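Inspection log for the structure reproduced underneath, given as structure tokens.
Number of protein chains: 2
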Amino acid sequence: MSKTKEVYLSDDVRKQNRFRIISQFRVHGKKSRTEISKLADLSAGTVTNVSTMLLNEGIIQVCDQDASHASSSSHGRPRVQLELNPGYKYVVAGSLTFNSISLSLFDYLGEKISTVQEKVTLEKMDGDEIAEFILAMLKGFDVEVAPSIFVLGVQGLTKNNGKEILWSPILSESGMKFAERLSQISNAEVTVANDSAMIARSLSKDKTYADGTFGAVLMSYGIGLGLYIDGQPFQGAKSSASELGHISFKGGDGALCRCKKHGCVEAYASDYAIWRRAKGLDPHALPERPVTSEDIAQIIEEAREGEGPARQAIREAGRAIGFGLAIMFGLFDAFPVVFVGRGAQALDLMDDEIRQALNDHFRFHKQLDINFTKESDALVHVENGSSIVGLEWLDQQAAFGKT
Amino acid sequence: MSKTKEVYLSDDVRKQNRFRIISQFRVHGKKSRTEISKLADLSAGTVTNVSTMLLNEGIIQVCDQDASHASSSSHGRPRVQLELNPGYKYVVAGSLTFNSISLSLFDYLGEKISTVQEKVTLEKMDGDEIAEFILAMLKGFDVEVAPSIFVLGVQGLTKNNGKEILWSPILSESGMKFAERLSQISNAEVTVANDSAMIARSLSKDKTYADGTFGAVLMSYGIGLGLYIDGQPFQGAKSSASELGHISFKGGDGALCRCKKHGCVEAYASDYAIWRRAKGLDPHALPERPVTSEDIAQIIEEAREGEGPARQAIREAGRAIGFGLAIMFGLFDAFPVVFVGRGAQALDLMDDEIRQALNDHFRFHKQLDINFTKESDALVHVENGSSIVGLEWLDQQAAFGKT
DNA sequence: TGTAATTTTTTAAGGGTTAAATTAAATGAG
DNA sequence: CTCATTTAATTTAACCCTTAAAAAATTACA
Numbered sequence: 098m099s100k101t102k103e104v105y106l107s108d109d110v111r112k113q114n115r116f117r118i119i120s121q122f123r124v125h126g127k128k129s130r131t132e133i134s135k136l137a138d139l140s141a142g143t144v145t146n147v148s149t150m151l152l153n154e155g156i157i158q159v160c161d162q163d164a165s166h167a168s169s170s171s172h173g174r175p176r177v178q179l180e181l182n183p184g185y186k187y188v189v190a191g192s193l194t195f196n197s198i199s200l201s202l203f204d205y206l207g208e209k210i211s212t213v214q215e216k217v218t219l220e221k222m223d224g225d226e227i228a229e230f231i232l233a234m235l236k237g238f239d240v241e242v243a244p245s246i247f248v249l250g251v252q253g254l255t256k257n258n259g260k261e262i263l264w265s266p267i268l269s270e271s272g273m274k275f276a277e278r279l280s281q282i283s284n285a286e287v288t289v290a291n292d293s294a295m296i297a298r299s300l301s302k303d304k305t306y307a308d309g310t311f312g313a314v315l316m317s318y319g320i321g322l323g324l325y326i327d328g329q330p331f332q333g334a335k336s337s338a339s340e341l342g343h344i345s346f347k348g349g350d351g352a353l354c355r356c357k358k359h360g361c362v363e364a365y366a367s368d369y370a371i372w373r374r375a376k377g378l379d380p381h382a383l384p385e386r387p388v389t390s391e392d393i394a395q396i397i398e399e400a401r402e403g404e405g406p407a408r409q410a411i412r413e414a415g416r417a418i419g420f421g422l423a424i425m426f427g428l429f430d431a432f433p434v435v436f437v438g439r440g441a442q443a444l445d446l447m448d449d450e451i452r453q454a455l456n457d458h459f460r461f462h463k464q465l466d467i468n469f470t471k472e473s474d475a476l477v478h479v480e481n482g483s484s485i486v487g488l489e490w491l492d493q494q495a496a497f498g499k500t
Numbered sequence: 098m099s100k101t102k103e104v105y106l107s108d109d110v111r112k113q114n115r116f117r118i119i120s121q122f123r124v125h126g127k128k129s130r131t132e133i134s135k136l137a138d139l140s141a142g143t144v145t146n147v148s149t150m151l152l153n154e155g156i157i158q159v160c161d162q163d164a165s166h167a168s169s170s171s172h173g174r175p176r177v178q179l180e181l182n183p184g185y186k187y188v189v190a191g192s193l194t195f196n197s198i199s200l201s202l203f204d205y206l207g208e209k210i211s212t213v214q215e216k217v218t219l220e221k222m223d224g225d226e227i228a229e230f231i232l233a234m235l236k237g238f239d240v241e242v243a244p245s246i247f248v249l250g251v252q253g254l255t256k257n258n259g260k261e262i263l264w265s266p267i268l269s270e271s272g273m274k275f276a277e278r279l280s281q282i283s284n285a286e287v288t289v290a291n292d293s294a295m296i297a298r299s300l301s302k303d304k305t306y307a308d309g310t311f312g313a314v315l316m317s318y319g320i321g322l323g324l325y326i327d328g329q330p331f332q333g334a335k336s337s338a339s340e341l342g343h344i345s346f347k348g349g350d351g352a353l354c355r356c357k358k359h360g361c362v363e364a365y366a367s368d369y370a371i372w373r374r375a376k377g378l379d380p381h382a383l384p385e386r387p388v389t390s391e392d393i394a395q396i397i398e399e400a401r402e403g404e405g406p407a408r409q410a411i412r413e414a415g416r417a418i419g420f421g422l423a424i425m426f427g428l429f430d431a432f433p434v435v436f437v438g439r440g441a442q443a444l445d446l447m448d449d450e451i452r453q454a455l456n457d458h459f460r461f462h463k464q465l466d467i468n469f470t471k472e473s474d475a476l477v478h479v480e481n482g483s484s485i486v487g488l489e490w491l492d493q494q495a496a497f498g499k500t
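Protein chains in written order, with my numbering: chain A, 98 to 500; chain B, 98 to 500.
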């Protein structure tokens, strides 16, 4: 279409096959040329040729042949196991929340090498400051490497191309531009992605959901939904995730949301909303101080002790979540849901309200299968998902080259 | 992945280039080899080779060179204009509504050749009967040809693969299986698609929307939404279109919808809903007799005369539509909307309510740009869109062959 | 009739793939 | 210890497709 000359040529075929072969290593780990030949459905000769190139380029390496005899049980020339070269390139996968940045370094094999975390309020920083802060954090890693790509999970709407944040509650207007700046000063690719979408991506590698269709609801400072449909991440039109948190639960006169609208699901189900209600604060204002993990843990504890404002707040959160899911289930079919994050700890207390809200919308039950992931440390999932995205990008670069 | 041997070989390159070339003819119509060479960015030699194959296979043909001198103004060997062979294969594009079937025959150039329409109540027929009825209707065409593909627009949820109807208000459970049967007895491909999605596809070829992002809201016996995002049809997870009509507008105790749920947008905005309310009938029951175009025309006329039940019914429809759009605008960004179908005739009467409902959800205005298409004959758009789908399929078959 | 201008076809070179043949490396029997 | 056997990896030869360049075809015009 554009000026770039698209070549449907042997060159493309080679690139495709490079990608096929790299992908097999990505999925299966250590494999011999012969095995790759079968897995990738390519001739042995092609695998030899491509492998030689990949070895020369440092993309793959020959494994230590320690237990090589064990694997090939029978006669004949033993297979030479090859694998992705862990040091080929590095990914920094991170999570940006309203009051902290966490970064982890992953090697090309997808192993986490090091982690750093800093408390910082992003809303007060502009794009340049955030970019420089992130770059400085790299010094905290155990090893000193230049990552090829940053993949950063943030709350809010991000463009599908991973290059733009359309809206985020944790960033100021000027802060949203940090990606481009970070890319310049780090000389690396920088991608931003919705945090819930990254959680879903992480969970999709889990055996439990591997075949599947499921949603990951992140209940923390905001409410997010990452969707997987038939094993594929579901991409909204523009945004990377479906904005469950900003579906309108109550009309325009409902509780105030961080997004400045009123009545959003988030204004009833996020941790600040739960805290606000449990403490009897004005629903038309945002809490003056940040709500901490401890605050939420305390509310949940109170709620478990019996009826009262804490329990009521969590009930209301359940109704909001249930309403939001009902809307989603109306647009899609019903899907199993994994709850992640601080608020998810109270799932048992919300379960009835969620189901009741669904029933209010669907006179006839839809099949529901709500799973609960105790993993409150959503951060690990965000980073895992982000690392997966980063590795996919590296694989494509390795196969198809720049541009 | 599967058993089928995927060949990343010269064979594929040739197929890709066949498709490139066919696509250029599809878009640009009559063109010489030289022109195609430039348009498709392929060498003259390749175009010659592929053209020779396509000519032999009857996919393209040499044009009458009547005005050939006119086109090539200067010296030299004149260009030989080629074009898609209209008689290569045929598409039957159709629309199935609750009380009629309409079919149109399109040639490979996309020209409509003939149309037939029959009154029939599909809900009372099983799959075999519907399939045989459709096949029999082909005899009504001016010419006798065996179509290679049927593309049929229906209300309801269809699978993205076009092979299954998940739910449709106009068909009985057994009737939903007609596609497979029709495919057998006609020996042709059969695809089912959501009617609103087909309307959007048809409109997407319109200059006004060609660049774009827009939604087509079909207001007739049901309420459908076909979405185009950045020039691409937006596919929901499973269904071909976003089910605007079955978003829950009122809780579980609202008006009865054909889908057996209560409170759906459709239960307030479809023609049977408007009629029901205008006539003061029980909102918890479906009207006993089908609502006709004349009924709706009459209600609209009454509504225009001033306040009263008719006007109120249309107002309520506007609120329901506005609510549904608000939900959609929350998940996507706001998009311009084209209203099509019988109900769309009353758009001016609903305009205020639609905008009011949107404002109730969005305290801060989102940019709205609602267009109104007077084209009440949604049927033509459904068929146009369907023919486009059919031609795309034929092109792919022609380029890549069976399987 | 001959020459120039353009389009289309043919040809030769270059790349990638595969199947088959060859080489490499290890096992184990005699 | 030698050598046949077995399996892995590499090399070879044939094939297909593309492109650039050369050749052929076809028409206009002098």
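All C-beta atoms in this analysis are idealised placements derived from N, C-alpha and C, irrespective of residue type, glycine included.
These numbers come from a predicted model, not from an experiment.
- Residue state for residue 251 of chain A is assigned as strand, using DSSP reduced to three classes.
- Under the DSSP assignment, residue 370 of chain A falls in the alpha helix (DSSP H) whose first and last residues are 368 to 375.
- A Cβ-Cβ separation of about 19 Å leaves residue 292 of chain A out of contact with residue 329 of chain A under the 8 Å criterion.
- Put simply, the CB of residue 498 of chain B is far from chain A, with every gap to its CB atoms at 9 Å or more.
- For residue 423 of chain B, the neighbours in chain A by C-beta distance under 8 Å run, in chain order, 345.
- Look at the beta carbons and you see the segment 399 to 415 of chain B not touching the segment 300 to 309 of chain B: under three pairs across the two are nearer than 8 Å.
- Counting C-beta atoms within 10 angstroms of its own C-beta, residue 492 of chain A has 16 or more neighbours from the protein chains shown and is therefore classed as buried.
- For the segment 404 to 437 of chain B, residues whose beta-carbon sits nearer than 8 Å to a beta-carbon of chain A comprise 423, 424, 427, 428, 429 and 430.
- Setting aside the 5 residues that flank it on each side, residue 206 of chain B is surrounded in the same chain by 181 and 183, each with a C-beta closer than 6 Å to its C-beta; the list follows chain order.
- When 7 Å is used as the limit between beta carbons, residue 381 of chain A is near no residue of chain B, the shortest such separation being about 11 Å.
- In chain order, 427 and 428 make up the part of chain A whose C-beta sits under 8 Å from the C-beta of residue 340 of chain B.
- Distance from the Cα of residue 478 of chain A is smallest, within the candidate group A:200, A:350 and A:394, for A:200.
- For residue 480 of chain A and residue 157 of chain A, the gap between their C-alpha atoms comes out near 24 Å.
- Annotation: residue 332 of chain B to residue 256 of chain B spans about 10 Å, alpha carbon to alpha carbon.
- Taking 8 Å as the upper bound for CB-CB distance, residue 438 of chain B and residue 315 of chain B are in contact here, some 5 Å apart.
- If only complete runs of 3 or more residues are kept, the segment 113 to 189 of chain A shows the beta strand (DSSP E) at 157 to 159 and 178 to 181, in order along the chain.
- In the assembly as shown, residue 343 of chain A is a buried residue. Its beta-carbon has 16 or more other beta-carbons within 10 Å.
- When DSSP reads this structure, residue 203 of chain A sits in a beta bridge with A:188 and A:209.
- Across the set A:115, A:452, A:225 and A:247, the C-alpha of A:225 shows the shortest separation from the C-alpha of residue 271 of chain A.
- Two segments are said to touch when three or more pairs of C-beta atoms, one from each, lie closer than 8 Å; by this definition the segment 394 to 401 of chain B does not touch the segment 419 to 431 of chain B.
- Judged by DSSP secondary structure, residue 426 of chain A falls outside any beta strand (DSSP E) and instead within the alpha helix (DSSP H) spanning 406 to 428.
- In the three-state reduction of the DSSP assignment, residue 273 of chain A falls in the helix class.
- In this structure, residue 259 of chain B keeps its C-beta atom at 9 Å or more from the C-beta atom of residue 295 of chain B.
- Chain A has no Cβ within less than 9 Å of the Cβ of residue 328 of chain B.
- Residue contact check for residue 360 of chain B against chain A: a CB pair falls below 9 Å.
- Below 8 Å, too few C-beta pairs join the segment 263 to 281 of chain B and the segment 397 to 408 of chain B to call them touching: fewer than three.
- Around the beta carbon of residue 114 of chain A, a 10 Å sphere encloses 16 or more other beta carbons of the protein chains shown; the residue is thus reported as buried.
- Ranked by Cα distance from residue 318 of chain B, the options B:354, B:346 and B:324 are led by B:354.
- Distance check between residue 194 of chain A and each of A:456, A:154 and A:476 places A:476 closest, using alpha-carbon atoms only.
- Burial is judged here by how many other beta carbons sit within 10 angstroms of a residue's own beta carbon; residue 204 of chain A has at least 16 and is buried.
- The C-beta distance from residue 352 of chain A to residue 365 of chain A rounds to 6 Å, short enough to meet the 8 Å contact threshold.
- The alpha-carbon of residue 445 of chain A is positioned some 52 Å away from that of residue 148 of chain A.
- With at least 16 other beta carbons inside 10 angstroms of its own, residue 179 of chain A counts as buried.
- Under the DSSP assignment, residue 443 of chain A falls outside any beta strand (DSSP E); it carries neither an H nor an E label.
- In this structure, the CA atom of residue 213 of chain A is about 30 Å from the CA atom of residue 154 of chain A.
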